[in-house]
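K.L.:
Chains as they are written, first to last, in this note's numbering: chain X, 1 to 420; chain V, 421 to 980; chain C, 981 to 1113.
C-beta atoms are modelled at their ideal positions from N, C-alpha and C, and glycine is treated no differently.
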Amino acid sequence: MALKDVICTFCGSVCDDVQFDTENYKGKKFCKLGSSKFSKKERIKSPTIEGREVSYEEAINKAAEILVESKKPLLYGWASTVNEAIRLGVILAEKVRGVYDQSASVCHAPGTLAVIEEGLPGGTLGSVKNRADVVIFWGSNPMEAHPRHGLRYSISAKGLLVKGRKDRKIIVVDVRPTTTSRLADIFVQVSPGYDYLVLSALRAIISGNADVVPEMVGGVKKDTLLELAEIMKKAKYGAIFYGLGITQSRGRDRNIENAIKLVQLLNRITRWVIWPMRGHYNVVGAGEVPAWEVGYQYAIDFSRGYPRFFPNEFTAVEVLRRKDCDSALIIASDPVAHFPKDAVKHLKEIPVIQIDPHPNMTTLVANVIIPSAIAGLEADGTVYRMDCVPLRVKKVLDSPFWSDEKIIGEILRRVEELKG
Amino acid sequence: MHMLHIKNGIVIDPKNKISKEKMDIFVKNGKIVSEDEIKKDECKVIDATNKLVVAGGVDMHAHIAGSKINTGRTMRPEEMRVVRTIANKFRATVGRVLLTSPAIGYEYIKMGYTSAFEAAQPPIGALHTHEELDSIPMVDKAALPVFGNWHFVLKFVQENNLEKLKTFIAWALERTKGFGVKVVNPGGVEAWMYGGNVKNLDDQVPSFNVTPREIILSLIKATEELNLNHSVHIHCNNLGIPGNYQTTIETIKLAKGFENDKRQVLHVTHVQFNAYAGDSWRNVSSGVEEIAKTVNAMDNVTIDVGQPIFGHATAMTGDAPFQFTLHKLLGAKWSNKDSEVEGGAGIVPLVYLPKNPVHALQWAIGLELGLLVDSNKVVVTTDYPNGGPFTEYPYIMTMLMSKKMREAELQKVSPYVQKASSLPSIDTEKTLDEIVHMTRSLPARILGLPNKGHLGIGADADIAIYNFNPLEVDPSNDFEIIYRSLKSAMYTIKDGKILAKDGEIVQEHWGKTYWVDATGKVDLESISNEIEEYFGYYSVEVRNYGVEEEWIKRPERIVI
Amino acid sequence: MNNLLKNFGEIMIEVEIVTGRTLDQGASVEEKLSEKYFNSVNFIELSEEDFNSLNLNDGDKVKVTTKYGCVTVYAKKAKLPKGLAFIPMGPYANQITGIDTEGTGMPRFKGVRGKVEKTEERVPTIKEIVEAI
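Written as structure tokens, this is what we have:
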């Protein structure tokens, strides 16, 4: 049978109800993003060292040499591969006394900083699907970044107590109208950088201090805030899904802290949960695996032989900005495309090892390039959905490419040999 | 053909009625064997002359692997910053009370503990729990999935359908690769989805026509009819509330009328948190006396302590409404995770301070339980990390054996303990034999693991050798020596391999993960309609739900 | 937002720029060296009012300058509040975002003030962007 049940490995929704036709290389039921993931694209055809085609063994040996000879290598990416590879990557980073950082550091890591301050009052996507009669997307645009999220979990999903779209109130808070705000019941437009104030105003109103709130807060009228507060208090079970709109704008982690404190307050009146809309299919794993292996989710330095965590020192952007690494291993990510240009500069000056199925902008500066199998299609493994629910993605196609797990495993083995 | 000869040790092996006998132990291929099965000259010899030799410790209830443990780490970098070992031949390990997975394995083995059981596994997160268990080196392990608020359970109890409940339990244990039926605040966590909780055994669970009493009784019945190796393992309703000792006694009494000749029919866990008399934090006092009387009078109930250790701790349980209450009480940061239609969890950091009257009382209550309950019915635990570190089990062990040590400790704690607890007046000193039973043979029996917790022929070669002579050392007076020795085993042997020596890791090793397969006793098809239908309320497909054996490093299936 | 009159009557406007995901950008994010990807990330969206105030037509290019750098991109009209601009996340956006993370490790991808003016310069290719860094 050519049509196989698969689990999508693109965004944090990790839809597990999709199918793939292995004969015609076509996906079924996927959204536009998943379809593109499960479609034929240009591949890195062979391992190369400085543009010269080599065998896997040679490339891995060279990669291991680079890492062992470095004083402080940066091992970055990880969000688009499976836990089994990530675990080996963490052990490798510890072995070579390097820095482990993962894509969340330019994405949702501020949420982790907020969790450190306040904790995270949350729930799985199934809890939201079944119970949430009010759902707020704050600084998040799922229709473009998680297209089937609403269908499966949060907007039109059929749940136990909430039977469908009609039983839910959807609210979008954003700085501009989006495809998601267009289908919301209420759209609240906030001035860029003013979410923190709006959240404080809501906390003031809900805790009975509406009198301290001025007529206009961050571009939002007080009346709108009063209405929103009422809806939140009257919800039987509410959910705030927040996105990069508040992790990447002014205030960053403080915005999330404030939103969490709002949810703490609401739980004294009714039930609310809050959760980040994680972007990649296993960015959660890229943080959970190092947390159990070495205690932290990102920005981890091993140069002293034990893990140290500091976001302002050991995130990839900070390490690159200060030229604080002398080589880099980039896996399942593209920092040359997604980091501000001043952080990319240093990547052009140091040896870079890249592991990826597809050529991207980092490939243009990489010295050792190792092609890998596509997880969820050509390699299996464990991934964590945005709500940390574990799923095992499948291998449904054979391919000549090694899996990330095998590549990292071999690099680790060779590093151990070289270190003696 | 790996063989060991442990010479001249002073053995305490309560299951086999060996009490401080000088004898040799022989190991071959990871098992304890008789002398005629080995060739003495091919053995590696360990000179245990005049040293205590016991089975490796069995920690039957600790929170060591899974989503809530990891969220605990994530939200508490203040815990993770303590560096224990630097990476060299072995992994770096960090953690104060919360530990990383490698640290958990290393710390257990250094202490002479060789098996550890994850006390509460959210079913949909089973794969994550197994991933973390498989990142804990050294020890044998298993996980207990939580049933008491699972909608399938609530449905089948409501329908009074014992057969379907049994079938469901078997299905669930297979899917989660779980070990037994864990119950946490039955009905109460479902009530929390509506902002509430349950207050007594006869409260109605919202949206379901069931009560906690019915849930517990049905699960006991089902577990006994399936004859699972481990009994229902329950975290009672009303945890942490002054006056709750009565709920605990009522719950314990639910075991009346059930019989099992191999083991208890109900194990009540971390009873300390459920042993409060009084009606507010102002007049809270110990409710242990009645609980102990009740447990001692029954022959089919066991408990574990849940001892608080002064210092840092992290409250993490599946009792989500209680965790919210704790967050409000302490003003501390708080994580919560409502989980599909299965249950929930919560995490709140805390500190136990000796001068705080309530904390001191909790500490006293834990010790009262260890002293007043029959040694054949009470296991030493801290409900790690809720009460404190498991690395302080030696503290509890020595305290239970020495009144002198207790008197010294009582000087340091709040005087509230003098009037609110009977600890100061308890003269009982448990013997070393009893303490070995409470940490080895008893938990192994409770869990239904006949090859663990003892040194008889055929047992797994999980052995701890401690650096003191039990024939010469007096636990009553020499508690410092015993404490130091128990903290750091002279030798810890696992599956016949020496893994730790004098508190240092010698070799890395990966243990087995036990899981229970009762599917042969039921017809899984009989509930397939219910499963398919209700899975519409899950957020994953039923075909993607669960853990396959191939994904676990060293699965060990126990067939019922 | 001010309209600043530059020399020779050219118009420049000030906007607040946010960068972010789009469906097209996401659908080609694994084909970064393709035309498809190039077209999904090489533009800035302006409100209709701002677009018209620069006397732009569809397909025109603009130069976007912030204190961190400048980049030439295509200009598009979109439903945005006046004074707010949007560039899809990617290499063009990253020519004008800064690496100041204020101790969090996270650059401020959303919320940088910039000037936008019409230009005849060419929009650089992906490869040219990398070469120039």
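Check the DSSP bridge columns for His-687 (chain V) and list the partner residues they point to.
P.N.:
According to DSSP, which records beta bridges pairwise, His-687 (chain V) is partnered with V:His-653, V:Thr-722.
K.L.:
Of all the beta strand (DSSP E) runs that stay within the bounds of the segment 311-365 of chain X, which reach a length of 3 or more residues?
P.N.:
Listed in chain order, they are 327-331, 352-356.
K.L.:
With 8 Å as the threshold, decide whether the Cβ of Tyr-153 (chain X) is near any Cβ in chain V.
P.N.:
yes
K.L.:
With 16 other CB atoms within 10 Å as the buried threshold, where does Arg-308 (chain X) fall?
P.N.:
buried
K.L.:
Relative to the alpha-carbon of Phe-187 (chain X), which residue among X:Lys-169, X:Val-14, X:Leu-202 has its alpha-carbon at the smallest distance?
P.N.:
X:Lys-169
K.L.:
Using beta-carbon positions only, say whether Ala-1065 (chain C) and Glu-1025 (chain C) come within less than 8 Å of one another.
P.N.:
yes
K.L.:
For chain X, check one thing: does any of its Cβ atoms lie closer than 8 Å to the Cβ of Ala-507 (chain V)?
P.N.:
yes
K.L.:
Is the distance from the Cβ of Asn-617 (chain V) to the Cβ of Pro-741 (chain V) below 8 Å?
P.N.:
yes
K.L.:
Closer than 6 Å by C-beta to Tyr-1017 (chain C): which residues in its own chain qualify, once you throw out the five before and the five after it? Chain order, please.
P.N.:
Ser-1008, Glu-1011
K.L.:
Can you tell me the Cα-Cα spacing of Phe-988 (chain C) and Glu-1100 (chain C), whole angstroms?
P.N.:
Here the model assigns Phe-988 (chain C) a pLDDT of 48, short of 50, so the residue's position is not dependable, and the following value carries that caveat. Approximately 15 Å between the Cα atoms of the pair.
K.L.:
Can you give, in chain order, each stretch of the alpha helix (DSSP H) that sits fully within the segment 161-201 of chain X and has at least 4 residues?
P.N.:
179-182
K.L.:
Applying the criterion that 16 or more other CB atoms from any shown protein chain within 10 Å of the CB defines a buried residue, is Gln-831 (chain V) buried or exposed?
P.N.:
Burial call: exposed.
K.L.:
Would you identify the three-state DSSP class for Tyr-153 (chain X), choosing helix, strand or coil?
P.N.:
DSSP places Tyr-153 (chain X) within a helical segment (H, G or I) once states are collapsed to three.
K.L.:
I need the DSSP call for Thr-1045 (chain C), collapsed to helix, strand or coil.
P.N.:
The answer is strand: DSSP assigns Thr-1045 (chain C) an E or B state.
K.L.:
Less than 8 Å separating the beta-carbons of Ile-672 (chain V) and Leu-659 (chain V)?
P.N.:
no
K.L.:
What does a CB cutoff of less than 8 Å around Arg-501 (chain V) pick up in its chain, not counting 5 residues either side in sequence?
P.N.:
Val-514, Arg-516
K.L.:
Suppose the cutoff is 6 Å on Cβ atoms and the five residues either side in sequence are ignored; what does the same chain contact list for Glu-416 (chain X) look like?
P.N.:
Closer than 6 Å at the Cβ level, and outside the excluded window around Glu-416 (chain X), lies no residue.
K.L.:
For Pro-1104 (chain C) and chain X, any beta-carbon pair shorter than 8 Å?
P.N.:
No, Pro-1104 (chain C) does not count as interfacial toward chain X.
K.L.:
Sorted by chain position, which residues of the same chain lie with C-beta nearer than 7 Å to Val-90 (chain X)'s C-beta, five sequence neighbours on each side aside?
P.N.:
Tyr-100, Val-289, Pro-290, Glu-293, Val-294
K.L.:
Could you check how far apart the C-beta atoms of Gly-916 (chain V) and Gly-450 (chain V) are, in whole angstroms? I think they sit under 8 Å.
P.N.:
4 Å
K.L.:
Where does Phe-988 (chain C) fall in DSSP's three states?
P.N.:
Here Phe-988 (chain C) scores only 48 on pLDDT, less than 50, and its place in the model should not be relied on; the value that follows carries that caveat. In this structure, Phe-988 (chain C) counts as helix in the three-state DSSP scheme.
K.L.:
Expressed to the nearest angstrom, what Euclidean distance is found between the alpha-carbon atoms of Lys-1043 (chain C) and Glu-996 (chain C)?
P.N.:
If I take the Cα positions, the gap works out to 15 Å.
K.L.:
Against chain X, with Cβ distances strictly below 8 Å, would Ile-1113 (chain C) count as a contact?
P.N.:
yes
K.L.:
Once you ignore the five residues that flank Lys-236 (chain X) on each side, which residues in its own chain have a CB closer than 6 Å to its CB?
P.N.:
Asp-133
K.L.:
In or out: Asn-1032 (chain C) buried (at least 16 other Cβ within 10 Å) or exposed?
P.N.:
exposed
K.L.:
Give the C-beta separation of Gly-766 (chain V) and Trp-570 (chain V) to the nearest angstrom, bearing in mind that I take them to be a contact with Cβ-Cβ under 8 Å.
P.N.:
Rounded, the Cβ-Cβ distance is 17 Å, inconsistent with contact.
K.L.:
Less than 7 Å between the CB of Thr-1084 (chain C) and some heavy atom of the ligand GTP, yes or no?
P.N.:
Among the ligands in the structure shown, none appear at all, so the ligand GTP cannot be discussed.
K.L.:
Along chain V, in chain order, which residues have C-beta atoms closer than 8 Å to that of Glu-118 (chain X)?
P.N.:
Lys-753, Trp-754
K.L.:
Along chain V, in chain order, which residues have C-beta atoms closer than 9 Å to that of Cys-388 (chain X)?
P.N.:
Ser-487, Asn-490, Thr-491, Gly-545, His-548, Lys-757
K.L.:
Strictly under 8 Å for the Cβ-Cβ distance: is Glu-1010 (chain C) near chain X by that measure?
P.N.:
Closer than 8 Å: yes.
K.L.:
State yes or no: is the beta carbon of Thr-247 (chain X) nearer than 8 Å to at least one beta carbon in chain V?
P.N.:
no
K.L.:
In or out: Val-979 (chain V) buried (at least 16 other Cβ within 10 Å) or exposed?
P.N.:
exposed
K.L.:
Can you round the beta-carbon distance between Asp-853 (chain V) and Ile-445 (chain V) to whole angstroms, since I take them to be within the 8 Å contact cut?
P.N.:
Not really, about 17 Å apart at Cβ, beyond 8 Å.
K.L.:
How about Val-1103 (chain C) and Val-1053 (chain C): are their beta carbons less than 8 Å apart?
P.N.:
yes
K.L.:
At least one CB of chain X closer than 8 Å to the CB of Leu-1064 (chain C): is that the case?
P.N.:
yes
K.L.:
Which complete alpha helix (DSSP H) runs does the segment 438-515 of chain V hold, if anything under 4 residues is left out?
P.N.:
487-495, 497-500
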